[in-house]
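Inspection log for the structure reproduced underneath, given as structure tokens.
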Amino acid sequence: MSTPQLTTLPAWGKLQDHYQQVKKLHLRDLFDQESDRFDRYSLQFNELLLDYSKNRITDETLKLLTTLASESHLDDAIRKMFTGEKINTTEQRAVLHVALRNRSNTPVMVEGNDVMPGINAVLEQMQNFTEAVHDGTLRGFSGKKFTDIVNIGIGGSDLGPHMVTTALRPYWIEGMHAHFVSNVDGSDMMETLNKLNPETTLFIIASKTFTTRETMTNAHTARQWLLDHCGNNEGVIKHHFVAVSTNTAAVKAFGIDTDNMFEFWDWVGGRYSLWSAIGLPIALTIGMENFKQLLNGAHEMDLHFRETPFENNLPVLMALIGIWYRNFFAATSQVILPYDHTLRLLPAYLQQADMESNGKRVTIAGEYLDYDSGPVIWGQPGTNGQHAFYQLIHQGTQMIPADFIIPLESHNPIGEHHTILLANCLAQTEALMKGKTAAEVAQDTPDSLVAHKVFPGNKPTNTILINKLTPQSLGSLIALYEHKIFVQGVIWGINSFDQWGVELGKQLAGVIEKELESDTPAGKHDNSTTGLIDYCRQHLL
Ligand code: F6P
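Position in the sequence shown (first residue = 1) + 241 = my numbering.
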């Protein structure tokens, strides 16, 4: 079914009218009038509780938003994704990260072939490999056990495994340490290598395409470092390097034995790939059983997403509320605030997941949007952000919807730390919602300062409570956001699974790289870029 023009849908027009009413309401008043708001607007799913009551919504808002989802044929789009239809139309690819964690193992067909046997074979290969590294069957060139894993990748081949490995620090296998090198800036590589012993270091070159300039440059540097430390013996490379890629020919050309290659498929988008062999550094660090728990948690969220009516469906609700703010309140950004030190990379991970997916300006049919699509995603862990940028969220001129995420049980329950963390998280959502009126401020404040001390409140938040951050609950949390992004893409009528916008910069960098290295004048550029290239050549090279 083709996507109808969003702004012509009946629910869209009704939401525009409804917005005129709701924009005048203050959350403080809604809570005063509705003492059961938390019960009505919160949902529990396994280890997660989503409280969406502190949003500028009423029953009518939710009714209209879920109608918008129905009118956008969301149910059909969900079915198409899960059944392997080629919904990434600009690249003619299915979108099947859900198959990677399909723990029920039911067949998933792409072009008449079941992808599950291939997925299971790679999982088994990962299992055998991680066990062999952990029990010392596989060792470094001098016979020592591996202690350090270095993942070399960028974007989706870095952010997912890096975020998950960091979040699951309490599950790290004793004696194993994970490192991630992504930036082509040599400092990233050198800071990592300087800490490592080549005899006990295993490199994973993670690249879907195996052509990404940054990753290939870093991979060659790591290769040379190893050779420099083993008497230039090329034979050691196969013991210390493995590859995760869809590009067998390029892996071979790099010199990695294809026995040491972990395959994945073109129907796995880079930013959705942590569930594939791109998750190898996760499995090596926390063990394969825990990696499977991560898959289980995501699979459970997949089932919830696929089977639950929109009005009780966590990803759908989060997506619709996001659309409410983006398209009706004109919110330009969404902040992610994990109150957990180990989740500190979640904002960066979601930044790629969301902005590379929904940063689009044309519909699937190639028509320019006459409404806004994906917001800017940003964030930092709490409580650090409170002492930095929360000022603008509380008292700035724009409305920034916020997601607060916190585990109830800490892996490091020392003293009062976790109670303080939890109290701050809950307090911020209350403060953002309620604000502080001029009357409340005025009691003990000179007139000249009253306006400065007023908090307008009415700032919307979601709160996600997680019983404990485990591989399983983390899997569910990530899948929740993946599906939220998917739903928004469906309603906006865009292709959330391509990323043509990253290409132009890559092409121009290739041209400029050559010019920086040559003595001839820079080629055809604008005057500014030519000036910068010439300046660099005169002063630095
Ligand atoms: O340049 C963007 C991008 O293609 C991302 O979509 C991807 O996650 C990243 O680069 C890395 O790509 P690859 O895994 O092919 O090296």
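All C-beta atoms in this analysis are idealised placements derived from N, C-alpha and C, irrespective of residue type, glycine included. Keep in mind the model is a prediction, meaning the values are calculated, not measured.
A distance of 8 Å or more separates the beta carbons of His259 and Leu309. In this structure, Val743 has its beta carbon less than 7 Å from a heavy atom of the ligand F6P. The C-alpha of Val509 is placed about 20 Å away from the C-alpha of Met529. A contact is defined here as three or more CB-CB pairs under 8 Å, and the stretch 397 to 414 fails this definition with respect to the stretch 538 to 556.
Scanning its chain for C-beta atoms nearer than 8 Å, with the 5 sequence neighbours on each side dropped, one finds around Gly600 the residues Ser614, Gly615, Gly742, in chain order. Counting along the chain, Asp258 sits inside the alpha helix (DSSP H) bounded by residues 251 to 263. Residue range 574 to 579 is occupied by the beta strand (DSSP E) that includes Val576. Residue ranges of uninterrupted beta strand (DSSP E) with 3 or more members, entirely inside the stretch 610 to 656 and ordered along the chain, are 617 to 620, 643 to 650. If you check the C-beta of Ser448 against the ligand F6P, you find a heavy atom less than 7 Å away. The DSSP assignment places 389 to 393, 418 to 422, 442 to 447 as complete runs of the beta strand (DSSP E) inside the stretch 364 to 449, in order along the chain (cut-off: 3 residues).
Not a single heavy atom of the ligand F6P lies less than 7 Å from the C-beta of Glu332. The alpha helix (DSSP H) runs of length 4 or more contained entirely in the stretch 481 to 526 are, from start to end of the chain, 489 to 495.
Bounds of the beta strand (DSSP E) holding Gln285 are 283 to 286. CA-CA distance, Tyr590 to Gly626, rounds to 17 Å. Taking the Cβ of Ile395 as the reference point, at least one heavy atom of the ligand F6P falls within a distance shorter than 7 Å.
A straight line joining the alpha-carbon of Ile646 with that of Tyr631 spans about 16 Å. For the set His461, Leu443, Met404, the Cα lying nearest the Cα of Gly427 is the one of His461. Collapsing the DSSP output to three states places Asn703 in a strand. For Lys694, the CB contacts under 8 Å within the same chain, skipping 5 residues up- and downstream, are Lys677, Val682, Thr686 in chain order.
His470 and Asn703 have their C-alpha atoms spaced approximately 51 Å apart. Taking a C-beta distance under 8 Å as the contact criterion, Glu440 and Lys385 qualify as a contact pair. In this structure, the beta-carbon distance from Asn459 to Val483 does not fall below 8 Å. A contact between stretches requires three or more CB pairs, one per stretch, nearer than 8 Å, and the stretch 576 to 595 meets this requirement with the stretch 393 to 409.
In the structure shown, Lys533 adopts helical secondary structure according to DSSP, grouped into three states. If you ignore the 5 residues before and after Asn665, its C-beta comes within less than 8 Å of the C-beta of Tyr580, Gly623, Thr624, Gln627, all in its own chain and listed in chain order. Secondary structure of Lys709 (DSSP, three-state): strand.
Look at the beta carbons and you see the stretch 518 to 528 touching the stretch 371 to 387: at least three pairs across the two are nearer than 8 Å.
Look at the beta carbons and you see the stretch 605 to 614 not touching the stretch 651 to 662: under three pairs across the two are nearer than 8 Å. Residue state for Arg454 is assigned as helix, using DSSP reduced to three classes. One Cα belongs to Thr406, the other to Gln713, and the distance between them is close to 13 Å. By the criterion of a C-beta distance shorter than 8 Å, Val603 is surrounded in its chain by Tyr609, Leu610, Ile735, once the five residues flanking it on both sides are discounted.
Residue pairing by DSSP places Phe551 in no beta bridge whatsoever. Taken through DSSP and simplified to helix, strand or coil, Asn354 comes out as strand.
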